[in-house]
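Some notes on the structure that comes next.
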Amino acid sequence: MPGLVHPLLARSLNQTPHGLRQASVKYPTLRLLATFAPRFERAKQDTPTFANQSSIPRLPIPRLEDTATRYLRSLEPLLKPTELDRSKSAVESFIAPGGLGERLQARLVQVDKEAPASWLEDIWLSKGYLEWREPSYINVNWWCKLRDPPYGLAQPSPNHVTSYQRRRAARMITYLLDINDQINAQELPVEEIRGQPLCMDQYRKQLGGSRIAQPRADTLHNPYPATAKHIVVMCGDTAFEVPVYAANGNRLSTKAIERQLDQVMEMTNKETTPLKTPFPGILTTENRDVWAEAREHLQALSHTNQHSLDVIDQALFAVCLDTEGSDMSPDDFAAHLFHANGGRNRWYDKTLQFILSPDGKLGVNGEHTSADAVIPGNFFNSIIQAEFEAYMSKEKPSSSSETLPQPKALNWDLDDRLRSTIQNARKNAKAFSAQIQCRLLHHHEFGTDALKSMKVSPDAFMQMALQLAYFRIHGSPCPTYESASTRGFLHGRTETVRSCSVESVAFTRTIEDPCASDADKMHALSNALTSHLEYMKAASTGNGVDRHLLGLRCQLQGPEETEEAGIFLDPAYTYSQSFRLSSSNMSPGDAFYGGFAPVVQDGYGINYSLGREGIKASISIWKDSGVDTQESINGADTMVQAIAQSLDDLYGLIVREKANKV
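With UniProt numbering, letter number 579 in the sequence shown gets 579, and the count goes up by one each step, no holes.
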């Protein structure tokens with residue numbers, strides 16, 4: 001099974017509920033709609049979107065001693081006493097005056113002086129993404145399911161591309177073009193937290209973006225402003241260049257865009273020559289070096305191939321009109337968005353590709369390198385809000401008499417070598433996608449309103465529920481990852497919150513102790529929540545552990561990597577980054593929810609959304625997890641049940657304790 005151990009975990013950096021036939025969840029009242037992220041308005045904002053970039057502070061380099069202290073503290077709940085002693089010795093040697101740690105820190109300071117925006121930016125892009133040679137497909141790409149339309153889904157469930165599907169796609173394309181116009185004109189509101197502006201740079205790297213496979217390390221195509229006049233539409237496992245601007249430079253109306261999609265459908269039905277040629281999109285599911293070699297061969301084979309690649313790379317985004325998905329359960333549709341059961345009708349290197357099933361369901365598959373989830377998440381909120389407002393106002397697309405630029409099926413010249421590579425890629429993608437299991441949890445008993453009313457942090461509460469669920473299944477704690485945003489800093493991305501702590505382990509053991517009282521359990525929970533919030537604050541303010549250690553590790557030179565780097569050769573370093581629980585918070589989840597793959601073979605990938613009245617989560621596992629337990633047979637289902645039970649148990653505990661204090 002490819003891609004189960006990320007290179008950042010290797011010792012050397014050089015190693016390489018079920019488908020309703022109407023909108024599945026009723027649209028909330030206007031009170032609940034206020035919980036969406038603010039809609040991107042057309043009106044020009046007082047402050048241009050990127051006006052504050054020059055005043056946003058740079059990501060700090062933590063003190064060596066602070067990172068060492070926090071790192072050792074994170075190891076305590078994971079190691080045996082003898083193992084911890086060994087790690088302490090390695091850390092003490094590393095940070096000793098005049099030792100390797102000080103030399104690496106000095107080099108990192110120099111990197112910071114020379115970096116345009118951040119000491120971490122190039123390191124994170126290169127080591128975290130671009131140099132990784134395993135498939136981006138499933139390993140890096142994420143999926144997202146958007147709320148069903150307020151006017152419901154098509155009935156009965158069709159199994160072919162439909163006018164209903166194309167109509168929703170046309171509206172969505174219009175809303176995305178609105179967003180692109182606003183980004184280019186710097187009309188998006190500047191985001192803030194506690195009055196401090198956040199870095200907006202990632203908004204420049206979504207529309208028009210693509211990852212380009214190259215030998216040894218990929219590159220990114222991220223133009224700003226994104227001025228392409230076309231999108232790419234995939235239908236029938238064929239790519240089409242679809243202009244969304246007229247020859248005079250004006251944007252096409254929604255009705256005109258719908259007519260463009262109608263033409264794509266007509267060309268698909270005609271089965272013209274490009275449709276009979278195997279679509280190279282499946283190659284984007286392959287090992288990155290395999291795909292890079294095939295891409296170079298494609299380009300060298302003909303100008304036609306080069307043109308087709310350029311059209312896809314430069315397109316504002318991709319739209320996939322599928323014939324599957326209408327009759328799928330929510331679990332199966334999530335898997336379909338994730339990997340299409342073998343990667344057909346996709347181009348997984350596009351930063352954003354929007355996927356529509358014949359009955360009108362809408363989802364996204366995104367390439368993660370350029371941005372973190374909150375950025376496209378705000379796009380999705382805007383799309384759903386605009387769709388709802390159009391429905392409430394009974395707005396109908398105006399009729400169109402525009403002269404339309406013709407969509408074109410992209411042609412490919414393939415030789416026997418490429419045909420064989422494509423055939424192998426199909427087999428590999430099918431086998432790889434069969435290894436991942438994805439399950440959904442929709443928990444409706446309580447949400448953030450209830451938790452906040454009892455002065456409990458919803459995110460910390462969810463993290464402790466995950467700790468308890470894992471402990472109940474496996475009987476031990478595990479290294480745990482939660483992403484913390486560092487957008488308070490220039491070109492900030494994320495930092496790791498090591499959610500498994502001394503306090504969280506004490507909490508799980510106390511909860512499972514039949515002799516412990518509710519008061520004991522509540523005390524342990526309170527300590528665990530406080531500890532988590534403290535780590536989250538440290539991580540968000542640039543004082544986490546993992547990014548700093550990565551930066552230091554990247555400064556190793558020659559023999560240092562094997563002769564002196566005891567901290568990085570210590571088994572605890574790799575083990576503590578083998579995150580068996582990898583989690584991310586994408587709240588509130590009113591408009592969408594999503595997911596991603598586990599980062600280790602015997603781990604879980606858990607994305608959750610904490611809404612005001614409920615909690616949604618997706619849980620993924622590798623089926624061949626290597627865990628020889630009865631629970632692993634139905635691993636994702638078992639974790640869904642364990643999380644639901646933990647949520648109920650912890651909420652019940654808090655309610656009882658609050659009642660006792662009244």
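Even for Gly, the Cβ is constructed at its ideal location relative to N, Cα and C.
Could you tell me the boundaries of the alpha helix (DSSP H) in which residue i lies?
{"i": "Gln105", "result": "Leu100 to Glu114"}
{"i": "Gly566", "result": "Gly566 to Leu569"}
{"i": "Phe388", "result": "Val374 to Met392"}
{"i": "Ala51", "result": "No alpha helix (DSSP H) holds Ala51; DSSP gives it neither H nor E."}
{"i": "Asp214", "result": "Going by the sequence as given, residue 214 is Gln instead of Asp. Unbroken run through Gln214: none, as it is neither H nor E."}
{"i": "Ile282", "result": "Premise fails: Ile282 is in no alpha helix (DSSP H) and is neither H nor E."}
{"i": "Leu533", "result": "Asp518 to Ser540"}
{"i": "Met454", "result": "No alpha helix (DSSP H) contains Met454, which DSSP labels as neither H nor E."}
{"i": "Tyr129", "result": "Neither: Tyr129 is in no alpha helix (DSSP H) and is coded neither H nor E."}
{"i": "Ser87", "result": "Pro81 to Ile95"}
{"i": "Met172", "result": "Ser163 to Asn184"}
{"i": "Thr69", "result": "Leu64 to Leu75"}
Give me the DSSP bridge partner(s) of residue i.
{"i": "Thr480", "result": "Leu581"}
{"i": "Trp143", "result": "Asn365 and Gly595"}
{"i": "Trp622", "result": "Ile436"}
{"i": "Asn498", "result": "Sequence inspection shows Arg at residue 498; the Asn mentioned does not correspond to that position. Answer is Tyr481."}
{"i": "Pro197", "result": "Glu192"}
{"i": "Ser609", "result": "Lys616"}
{"i": "Ala409", "result": "Phe240"}
{"i": "Leu220", "result": "Arg211"}
Quick one: what's got a C-beta closer than 7 Å to residue i's C-beta in the same chain, skipping five residues either side?
{"i": "Ala516", "result": "Thr510"}
{"i": "Arg656", "result": "Asp518"}
{"i": "Glu560", "result": "Leu100"}
{"i": "Asn543", "result": "Pro62 and Asp66"}
Compute the Euclidean distance between the alpha carbons of residue i and residue j, then round it to the nearest angstrom.
{"i": "Leu533", "j": "Met462", "result": "12 Å"}
{"i": "Glu187", "j": "Asn250", "result": "19 Å"}
{"i": "Gln557", "j": "Arg612", "result": "51 Å"}
{"i": "Ser357", "j": "Val364", "result": "11 Å"}
{"i": "Ala43", "j": "Asp520", "result": "Because Ala43 carries a pLDDT of 37, less than 50, the predicted location of this residue cannot be relied on, and the following value inherits that uncertainty. When rounded, the distance between both Cα atoms is 54 Å."}
{"i": "Ala506", "j": "Asp201", "result": "40 Å"}
{"i": "Arg58", "j": "Ser118", "result": "6 Å"}
{"i": "Gln110", "j": "Ser618", "result": "42 Å"}
{"i": "Ala68", "j": "Cys500", "result": "17 Å"}
{"i": "residue 687", "j": "Ile383", "result": "The requested residue 687 is not part of the displayed model; the chain covers only 1 to 662."}
{"i": "Gly603", "j": "Ala90", "result": "27 Å"}
{"i": "Ala539", "j": "Trp124", "result": "16 Å"}
{"i": "residue 670", "j": "Leu146", "result": "This structure cannot settle anything about residue 670, because the visible part of the chain is limited to 1 through 662."}
{"i": "Ala597", "j": "Asn305", "result": "32 Å"}
{"i": "Pro197", "j": "Gly488", "result": "7 Å"}
{"i": "Asp415", "j": "Ile95", "result": "57 Å"}
{"i": "Leu20", "j": "Gly152", "result": "At Leu20, the pLDDT of 24 sits below 50, so the modelled position is not reliable; the number obtained from the coordinates is stated separately. Going from the Cα of Leu20 to the Cα of Gly152 covers about 9 Å."}
{"i": "Ile615", "j": "His444", "result": "6 Å"}
{"i": "Val622", "j": "Phe338", "result": "Per the sequence shown, residue 622 should be read as Trp rather than Val. One C-alpha to the other measures close to 14 Å."}
{"i": "Ala169", "j": "Val319", "result": "8 Å"}
{"i": "Gln206", "j": "Val662", "result": "51 Å"}
{"i": "Arg39", "j": "Gly594", "result": "Confidence is the limiting factor: at Arg39 the pLDDT is only 40, short of 50, which leaves the residue's position unreliable and the question unanswerable from this model."}
Short of 6 Å in beta carbon distance, which residues of its chain neighbour residue i, apart from the five on each side in sequence? Order them along the chain.
{"i": "Ile173", "result": "Ile257"}
{"i": "Asn341", "result": "Ser433"}
{"i": "Asp546", "result": "Thr496"}
{"i": "Leu30", "result": "Note that Leu30 scores 28 on pLDDT, short of 50, meaning its location in the model is unreliable; the coordinates nonetheless yield the value given after this. There are no such residues."}
{"i": "Pro589", "result": "A small correction: the amino acid at residue 589 is Gly; Pro does not occupy that position in the sequence shown. The answer, listed in chain order, is Ser609, Gly611 and Lys616."}
{"i": "Asp570", "result": "Ser87 and Ala90"}
{"i": "Gln437", "result": "Ile621, Lys623 and Ala636"}
{"i": "Lys430", "result": "Gly342"}
{"i": "Thr421", "result": "Ala294"}
Identify the continuous beta strand (DSSP E) that holds residue i and give its terminal residues.
{"i": "Glu241", "result": "Ala239 to Pro243"}
{"i": "His444", "result": "First-last for His444: undefined, no H or E at that position."}
{"i": "Ala318", "result": "Ala318 to Leu321"}
{"i": "Val233", "result": "His230 to Cys235"}
{"i": "Leu352", "result": "Leu352 to Leu356"}
One question on the structure: do residue i and residue j come within less than 8 Å of each other, judged by their Cβ atoms?
{"i": "Gly236", "j": "Thr268", "result": "yes"}
{"i": "Ile183", "j": "Thr49", "result": "yes"}
{"i": "Asp372", "j": "Thr541", "result": "no"}
{"i": "Leu525", "j": "Met586", "result": "no"}
{"i": "Lys255", "j": "Pro243", "result": "no"}
{"i": "Val600", "j": "Ser578", "result": "yes"}
{"i": "Leu316", "j": "Asn222", "result": "no"}
{"i": "Ala247", "j": "Pro405", "result": "yes"}
Are the C-beta of residue i and some C-beta of chain B separated by less than 8 Å?
{"i": "Leu75", "result": "In summary, chain B is missing from the structure at hand, where a single protein chain is found."}
Apart from the five residues on each side of it in sequence, which residues of its chain come closer than 8 Å, Cβ to Cβ, to residue i?
{"i": "Leu466", "result": "Thr480, Ser499, Leu581, Ser583, Ile606, Ile643 and Ser646"}
{"i": "Ala659", "result": "none"}
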